[in-house]
Structure formats: structure tokens, C-alpha cells
Amino acid sequence: MRAEEIAIAMEVRGFISPNQHQVEWHQLRLIGGDWLALGLLIVFWYGRLMWGNS
4 MRAEEIAIAM EVRGFISPNQ HQVEWHQLRL IGGDWLALGL LIVFWYGRLM WGNS
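For what it's worth, this note's numbering labels the leading residue of the sequence shown as 4, then goes sequentially.
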């Protein structure tokens, strides 16, 4: 019963066979705000590692 449920769920999600599927991946795009947040995160962790362990 469980294997049948898994097979049905995989079929619903677009899996055809173990080596082939139709799932489309989202293309990652970083915009200006994302780069700003990433830069601030890097600065934060740099400060955390340099001064936080003293």
C-alpha cells in the first residue's frame, strides 16, 4: 500500500522514471536588495568572528 501511495505521489509531481522527470526548477535571480542583505550579513559575521570571541 505504501509503495503504491509513493508511486502515485511521484506521478502527480511529474516524475516519469527514476532517471527522468519533468520538474522545472526556479531560476535564482538576486536583485539589489538581495545583494545588500548578503553584504550586510557578511559584514556582520566578519565582526562576529573577529570581535565576538574575545
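Glycine included, each C-beta is placed from N, C-alpha and C at the ideal position.
Query: Quick check: the Cα distance between Asp37 and Leu43, rounded to an integer number of angstroms?; Result: 10 Å
Query: Suppose you measure from the CA of Trp48 to the CA of Ile34; what does that come to, to the nearest Å?; Result: 21 Å
Query: When the Cα atoms are used, what is the spatial distance from Glu27 to Glu14?; Result: 15 Å
Query: Could you check the C-alpha separation between Ala6 and Gln30 for me, to the nearest Å?; Result: 32 Å
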